[in-house]
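Chemist:
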Ligand code: HEM
Ligand code: HEM
Ligand SMILES: [Fe+2]
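Residue numbers (the working numbering): 6 to 452.
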C-alpha cells in the first residue's frame, strides 16, 4: 500500500467478513425451515431469519464497497484521505447501527419492507454515517493530485447510492405507493448505481492486475455507464407490472429491462478482452480469477437469469416465487459479492505483507464457493419452477405447495454446504493474513 490511511480499509473488510458469516448462518436456518425443520421458530421465526440474511448481505457489501473506496481513492488520487481519524469513527458508527438493527429484528423491531427492514430511527443514523463517508471520499478526490475516470465513476456511484437511500424513507399511505418508492432504492441500486461501483472497482483491478492501458480500460467504463443508464432507469418498470401501478409500465418495463443484460454482457466482454490485452503477469492470480469470475457470473446471474423472468408474460407467473430467489442469489453473488472478494484478495497482501492469496486454501475457496453457488442456483431454480407450476398453473394453495417442494431444499442445503465450505476457507485465509502492518506503507510489493 502506498498510503497510511489506506489501512482503514482492512477494518471495513473485517467487518464485511463477519457479517458475511452471519448471513450464511441465517441462510442455513431458512434452508432447514424450508425443509420442514423449523426448530428455531420460537426464537428466530422465518421473517426474522430472512431480514437478518438479506440485511447482513446489504451491510457486508456496503462495508466492502466503503473499504474498497478507502483503499482505491488514496491510490488513484495520490494522497492520504483528508481525515483518516474520521474514517475510523465512521467505521465504528456503521458497525454499531448494523448490530442494533440485527438485534432489533430478533425483537420484531423492523419495518417489514423487503430489504428496507431497518427501522426509521436507525435510517437517520445511516444517513449521517453515509454523509461522513461521502464527505471523506469526495473531499479526498477534490484535493487530489490526479483525477481518473475510475475514481470519478466510483465516487459518482457511491454518491448516487447514498442519495437513492432517501426515497425508501418517504412516508406513504398505501402499499402500492410504498412499493413504488421501495423499488427506487432496491432496483436503482442493484441495476443502476451499484453497477457503476462494480464497473469502477473492476476497472481498477484490471488495470492493476493485467497492466492494460488505462485509456483502453476506462473507455469501456464509459460504455458500461451508458448502457446501465439507458436500460436500468426505465427498467425499474419490471417491478411495476402487477403492484397496482398504471398499465403502461408493462411495455416500458418489458422493453427497457430486456436491454439491461447488455451492460453486464459489456462488462464480461470487457474483462475477458482486457485480460487478453494486458501484458502484465501479476503474482496475485486469485485476485484476477475473482475479477474475471465476477464479470462472467454477474452476466449469468443478473443478465441471463434476470432476463429469464423480466418480460411481463413470464413475470405474471414467476413474480415473488423462488424463481426470484434463484436469480437474486447468483446476481448478488456474481456481481457484488465477488467484486468485494476480488478487491479484498488484491488488497490483503499489500496491507499485511503476507502472500497467502495463491495458497491452496485460497484456490479451494474460489472453486468451492463458486461451484457451490451455481449448485444452489440450480436448486432454487428447480424448487421455483415446481412452485410456479403447482401454485400458479394448478392453483394449489401457497402453503400446500411449500410442503410439496420441501424435498428440493435438501438439494439446496447440500449445495449450500459446498458453497459455505469455500466461504469459510476464504474467511479463514483472511484471518491468517493477520492485521495491516506499518512496514507495508510505501511498499510496492504485490501492487
Ligand atoms: C447485479 C444485478 C442484480 C441483482 C443483485 C438483482 C437482484 C434481485 C433481487 C434480490 C430481486 C428480488 C427483489 C425483491 O423482490 O425485493 C430481484 C428481482 C428481479 N430482478 Fe434482479 N437483480 C439484478 C439484475 C437484474 C437484471 C439485469 C434483470 C433483467 C434483465 C433483473 C430482473 C429482475 C426481475 C424481473 C425481478 C422481479 C422478480 C419478481 O417479480 O419477483 N434483475 N433481483
Ligand atoms: C449458506 C448459504 C445460503 C443459503 C442456505 C441461503 C438460503 C436462502 C433462503 C432459504 C432464502 C429465502 C427464500 C425465501 O424467501 O423463501 C434466501 C434469500 C435470499 N438470499 Fe440466501 N442463502 C445463502 C447464501 C446467500 C448468499 C451468499 C447471498 C448473496 C450473495 C444470498 C442472497 C439472498 C437474497 C438476495 C435473498 C432474497 C431473495 C428474494 O428476495 O427472493 N444468500 N436465501
Ligand atoms: Fe429490477
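For glycine and all other residues, C-beta sits at the position ideal for the given N, C-alpha and C. Because the structure is a prediction, the values reported are computed rather than measured.
Fully enclosed by the stretch 21-88, which alpha helix (DSSP H) runs are 4 residues long or longer?
Modeler: 51-82
Chemist: Does the contact criterion of 3 or more C-beta pairs under 8 Å hold for the stretch 190-206 versus the stretch 229-239?
Modeler: Under the three-pair Cβ rule at 8 Å, the stretch 190-206 counts as touching the stretch 229-239.
Chemist: I need the residues with a C-beta less than 6 Å from some heavy atom of ligand 3; please give them in chain order.
Modeler: The set of residues with a C-beta under 6 Å from any non-hydrogen atom of ligand 3 comprises 192, 196, 243, 244, given in chain order.
Chemist: Would you call residue 424 buried or exposed, if buried means 16 or more other Cβ atoms sit within 10 Å of its Cβ?
Modeler: buried
Chemist: So, at 6 Å on beta carbons, what are the nonlocal neighbours of residue 340 in its own chain, with the 5 sequence-adjacent residues on each side left out?
Modeler: 203, 303, 307
Chemist: Can we count residue 58 as close to ligand 1, meaning its CB is less than 7 Å from some heavy atom?
Modeler: Residue 58: no, Cβ never under 7 Å from ligand 1.
Chemist: Considering only heavy atoms of ligand 1, does any lie closer than 7 Å to the CB of residue 317?
Modeler: no
Chemist: Pop quiz: residue 378 and residue 334 are said to be a contact at Cβ under 8 Å. What is the actual Cβ separation, rounded to whole angstroms?
Modeler: About 7 Å separates the two Cβ atoms, so the contact holds.
Chemist: What whole-angstrom Cβ distance do residue 312 and residue 266 have, given they're in contact under 8 Å?
Modeler: 5 Å
Chemist: Grab me the residues of residue 358's own chain with a C-beta within less than 6 Å of its C-beta, minus the 5 sequence neighbours each way, in chain order.
Modeler: 442, 445
Chemist: At what residues does the alpha helix (DSSP H) containing residue 347 begin and finish?
Modeler: 343-357
Chemist: Count the CB pairs spanning the stretch 360-376 and the stretch 427-441 that are closer than 8 Å, and state whether there are at least three.
Modeler: yes
Chemist: Residue 2: buried (16+ other C-beta within 10 angstroms of its C-beta) or exposed?
Modeler: Here the chain covers residues 6 to 452 and nothing more, so residue 2 does not appear.
Chemist: Considering residue 266, what are the terminal residues of the alpha helix (DSSP H) in which it resides?
Modeler: 266-282
Chemist: Kindly examine ligand 2 and report whether one of its heavy atoms sits closer than 7 Å to the Cβ of residue 35.
Modeler: Correct: residue 35 has its Cβ closer than 7 Å to ligand 2.
Chemist: Buried or exposed: which applies to residue 160, given that a residue is buried once 16 or more other Cβ atoms fall within 10 Å of its Cβ?
Modeler: Looking at its Cβ environment, which holds 16 or more other Cβ atoms inside 10 Å, residue 160 is buried.
Chemist: Say the cut is 7 Å; is the CB of residue 29 nearer than that to a heavy atom of ligand 2?
Modeler: yes
Chemist: Using a Cβ-Cβ cutoff of less than 8 Å, which residues in the same chain neighbour residue 181 once the five nearest sequence positions on both sides are dropped?
Modeler: Within the same chain, 248, 249, 250 come within 8 Å of residue 181 by CB-CB distance, once the 5 residues on both sides are set aside.
Chemist: What are the boundary residues of the alpha helix (DSSP H) that residue 187 is part of?
Modeler: Start and end: 180-193.
Chemist: Taking the alpha-carbon positions, what's the residue 76 to residue 82 distance?
Modeler: 11 Å
Chemist: If you drop the 5 nearest sequence neighbours on each side, which residues of the same chain put their C-beta closer than 6 Å to that of residue 243?
Modeler: The residues are 258, 262, 315.
Chemist: How is the alpha helix (DSSP H) around residue 320 delimited, first residue to last?
Modeler: Segment 317-323, the alpha helix (DSSP H) holding residue 320.
Chemist: Can you name, in chain order, every residue of its own chain whose Cβ lies under 6 Å from the Cβ of residue 15, other than the five neighbours on each side?
Modeler: 356, 441
Chemist: If you compare alpha carbons, which of 151, 452, 153, 406 is closest to residue 286?
Modeler: 452
Chemist: Output the distance between the C-alpha atoms of residue 215 and residue 279, rounded to the nearest integer angstrom.
Modeler: Taking the straight line from one Cα to the other gives about 7 Å.
Chemist: What do you reckon, is the C-beta of residue 430 under 7 Å from a heavy atom of ligand 1?
Modeler: no
Chemist: For residue 89, tell me which candidate among 391, 153, 9 has the shortest Cα-Cα distance.
Modeler: 9
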